[in-house]
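Position in the sequence shown (from 1) plus 7 gives the number in the working numbering.
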Amino acid sequence: MRRTGLPARDLRVLDPLLSYPSSILGRELAVVINLEHVKAIVTAKEVFMPYSTNPLVVQFVRDLQHRISSLQALSTQQAGDRDEMEREDKAEASLSGPSQHALRRRASISSNERKGDTPETSVVAGPKVLAFEFRALESCLESACGCLDSEVCVQFLLNMCYCISKL
8 MRRTGLPARD LRVLDPLLSY PSSILGRELA VVINLEHVKA IVTAKEVFMP YSTNPLVVQF
68 VRDLQHRISS LQALSTQQAG DRDEMEREDK AEASLSGPSQ HALRRRASIS SNERKGDTPE
128 TSVVAGPKVL AFEFRALESC LESACGCLDS EVCVQFLLNM CYCISKL
């Protein structure tokens, strides 16, 4: 409770002995997730889960670890690309002199304003990397939806078999 700043009533949602409907509780320092087999507390840097030997939970943990590690590598690469672009801008400004760089920038802004356009901004290409909490929440939702989808498919197949056997 100290690490997450959550009151005890929010932690009761995760108790497997109590029956609570599926829910996502957003709090100031954490998100409490109770979806099907996924029960977790997500903070800005960590995901806490009660110990479980349920195969669905074990698979979810593997998927979560893979998603977080692969996206961390992507966000590190994008941060490096932004730093490189900033260094190039600074080098260009120092080579042409700060006053000329500022004058060129002001001239391009004023010419765009005359045209009614907004000033151009550089955008780093590639997928946008979400915050850790959102990536973890996305994994939780995908896992819960996948579980529900498989249950629906199995039920559909059972119903089809029943209908066929009646013929």
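We put the CB at the ideal spot given by N, CA and C, even for glycine.
DSSP bridge partner residues for residue i (one or two, in chain order)
i, result
"asparagine 41", "Ser30 and Lys46"
"phenylalanine 55", "Ile48"
Rounded straight-line distance, which links the Cα of residue j to that of residue i
i, j, result
"phenylalanine 163", "arginine 10", "44 Å"
"alanine 15", "methionine 8", "7 Å"
"serine 209", "isoleucine 40", "Limits of the chain in this structure are 8 at one end and 174 at the other, which puts residue 209 out of reach."
"cysteine 154", "valine 68", "14 Å"
"serine 146", "asparagine 166", "30 Å"
"lysine 173", "leucine 137", "51 Å"
"isoleucine 75", "valine 161", "30 Å"
"serine 26", "valine 20", "8 Å"
"arginine 142", "serine 59", "22 Å"
Cβ-based neighbour list, residue i, same chain, cut-off 6 Å, excluding 5 preceding and 5 following
i, result
"glycine 12", "Leu36"
"aspartate 17", "Leu32 and Val39"
"methionine 56", "Ala47"
Beta-carbon contacts of residue i that lie in its chain and below 7 Å, excluding the five residues immediately before and after
i, result
"leucine 63", "His44 and Cys154"
Burial state of residue i (16 or more Cβ within 10 Å)
i, result
"alanine 51", "exposed"
"leucine 71", "buried"
Residues near residue i by beta carbon distance below 8 Å, same chain, minus five either side
i, result
"leucine 144", "Ile31, Val38, Ile40 and Val49"
"asparagine 61", "His44"
Item to check | Stretch-stretch touch, CB-based, cutoff 8 Å, three pairs: the stretch 136-155 with the stretch 34-48 | outcome: yes
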